[in-house]
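Quick note, our numbering runs 13 ahead of the 1-based positions in the sequence shown.
Virtual Cβ for every residue (Gly too), placed ideally from N, Cα, C.
Shown next, in structure tokens, is the structure this report addresses.
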Amino acid sequence: MRRFLVATLIGLGLLAGAGACRAATEAARDASAKCVECHDEEDLPDSSRSAHAPRRAPPMRAAAEAPAHRPMGDRHDPRTPTCITCHGDSADHMKKVESGKSRPAPERVFGKRTMMSAEARSDVCQACHKGEPSRHLWDGSAHQRADVACNGCHKVHANRDRMLAPATQAEQCFGCHKAQRGQLARVSHHPVAEGSMTCADCHAVHGSAGPALAKRDSTNATCVGCHAEKRGPFVQPHQPANDDCLSCHQAHGSATAGLLKLRAPLLCQQCHTAHVAGGVGALGGQAGVFTTAPGQTAPLIGATTGGKNVVTLWQGRSCLNCHTQVHGSNHPVPSLLMR
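The following block contains the structure:
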């Protein structure tokens with residue numbers, strides 16, 4: 014009997030709590046119904062289907078007709094936000110205004126005339142979206158430190174958020190990242206303009222443990238997500254390629270094929286200085302020897318037998334004519350990354 018009474022009391026408590034929650038939700042919807050008397054987004058073709066479009070009470074569309082993936086359209090779903098969820102109670106804004114007087118602004122405004130800080134605006138969004146996995150690293154992220162608010166990129170009342178649509182995402186990013194727009198217009202570039210990829214394929218815009226908001230913890234880990242054949246490990250690794258892809262490549266675009274910073278041999282000679290005319294080794298230093306890495310040398314084949322390699326270097330021929338496996342080789346015999 015005692016257990017029955019305890020269970021009954023618990024059940025009544027839960028029902029009371031649910032009733033209070035439902036009553037609060039209905040009250041919020043009544044307030045939103047007041048908003049849509051003036052701000053009826055159903056009359057705006059560019060926003061009537063947005064995820065944050067307000068709904069009348071009762072809703073303009075029956076709950077059964079609302080998209081299952083959009084709780085915004087279901088007045089019976091307690092997760093469904095209302096106008097005051099984002100804009101605050103705004104009681105003064107909703108009062109009848111005397112003739113000749115201007116209407117006070119809502120409690121929270123997100124447009125160009127807002128007086129709210131970027132952090133305050135983002136906090137409103139985070140109240141619902143904080144728990145999503147992609148938001149866990151927002152605090153302290155590059156965008157957060159730069160005072161970029163959520164609505165700086167996202168248009169919450171738009172029918173189609175340009176940031177979420179692959180075809181328009183890059184243009185939205187270029188609003189701030191103008192240098193990257195120019196880089197992606199170079200001859201060799203990642204196919205963003207062609208629509209084959211988006212900025213979010215490489216960057217975690219809400220925060221990342223990697224550099225430059227890379228999706229993974231390092232630049233290389235991000236790159237090999239697509240370029241898996243360069244991942245390795247290799248029997249004969251090329252250490253600069255293991256360290257950082259950006260040692261040789263431009264991330265967004267380049268005037269040189271393969272997104273390279275310079276064409277070979279100029280790129281290779283940034284490290285392999287012995288190959289430069291007048292440098293130590295092949296041309297003017299110890300005959301028949303060149304530097305492969307700091308403190309390491311190897312014989313230069315042909316330097317003393319006809320000078321074939323010397324001629325190749327003088328003529329500026331590409332190192333890649335012979336050293337084709339520049340990312341690493343699985344040949345069992347060390348061959349200087351050659352064919």
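Note on geometry: alpha-carbon atoms of CYS141 and GLY153 lie some 19 Å from one another.
Contact between ASP230 and ALA222 holds, since their C-beta atoms are separated by about 5 Å, short of 8 Å. The C-alpha of ASP257 lies about 46 Å from the C-alpha of THR93.
Sequence-distant Cβ neighbours of PHE247 in its own chain, meaning closer than 7 Å and more than five residues away, are GLY341, SER342 and ASN343. With contacts defined by Cβ atoms closer than 8 Å, HIS216 and HIS265 do not form a contacting pair. Look at GLN338 here: in three-state DSSP terms it is coil, with no helix or strand label. If you draw a 10 Å sphere on the C-beta of VAL346, you find fewer than 16 other C-beta atoms in it, and that means exposed. Here MET351 is exposed, its C-beta having fewer than 16 other C-beta atoms within 10 Å. DSSP lists no beta-bridge partner residue for PRO253. For MET210, there is no enclosing alpha helix (DSSP H), as DSSP gives it neither H nor E. Look at LEU333 here: in three-state DSSP terms it is helix. Taking 8 Å as the cut-off, the beta carbon of SER103 is found closer than this to the beta carbon of PRO119. The beta carbons of HIS262 and LEU273 sit closer together than 8 Å. Just measuring C-alpha positions, the residue of CYS138, GLY113 and LYS109 sitting nearest HIS100 is CYS138. In this structure, THR235 sits away from ALA241, with a CB-CB distance that is not shorter than 8 Å. Counting other Cβ atoms within 10 Å of its Cβ, HIS149 stays below 16 and is therefore classed as exposed.
Annotation: ASP152 is outside any alpha helix (DSSP H) and is labelled neither H nor E by DSSP. For GLN139, the enclosing alpha helix (DSSP H) covers residues 131 to 142. By DSSP's assignment, ALA264 forms no beta bridge with any residue.
By the CB criterion at 8 Å, PRO253 and CYS281 fall outside the cutoff. Under DSSP, LEU273 shares a beta bridge with HIS262. Every alpha helix (DSSP H) stretch that sits fully inside the region 190 to 250 and reaches 4 residues is listed by chain position as 191 to 196 and 232 to 236. Within the model, the alpha-carbon separation for PRO204 versus CYS48 is close to 44 Å. Taking the Cβ atoms as the reference, CYS212 lies roughly 5 Å from CYS186, within the contact range of under 8 Å. Rounded to the nearest whole angstrom, the CA to CA distance from ARG244 to PRO250 is 11 Å. Following the DSSP letters along the chain, one finds MET107 inside the alpha helix (DSSP H) bounded by residues 104 to 107. Inter-residue distance for ALA206 and ALA268 is about 16 Å (C-alpha atoms, whole angstroms).
By the neighbour-count definition (other C-beta atoms within 10 Å, threshold 16), PRO146 is an exposed residue. For PRO179, the enclosing alpha helix (DSSP H) covers residues 179 to 187. The alpha-carbon separation between GLY144 and CYS332 amounts to approximately 51 Å. Within the model, the alpha-carbon separation for THR98 versus ARG116 is close to 20 Å. DSSP, read as helix, strand or coil, puts ALA46 in helix. Here GLY208 really is in contact with ALA180; their C-beta atoms are around 6 Å apart, less than 8 Å. In the structure shown, THR127 falls within a coil segment according to DSSP collapsed to helix, strand and coil.
With a beta-carbon spacing of about 18 Å, LYS168 and ASP160 fall beyond the 8 Å limit used to define contacts.
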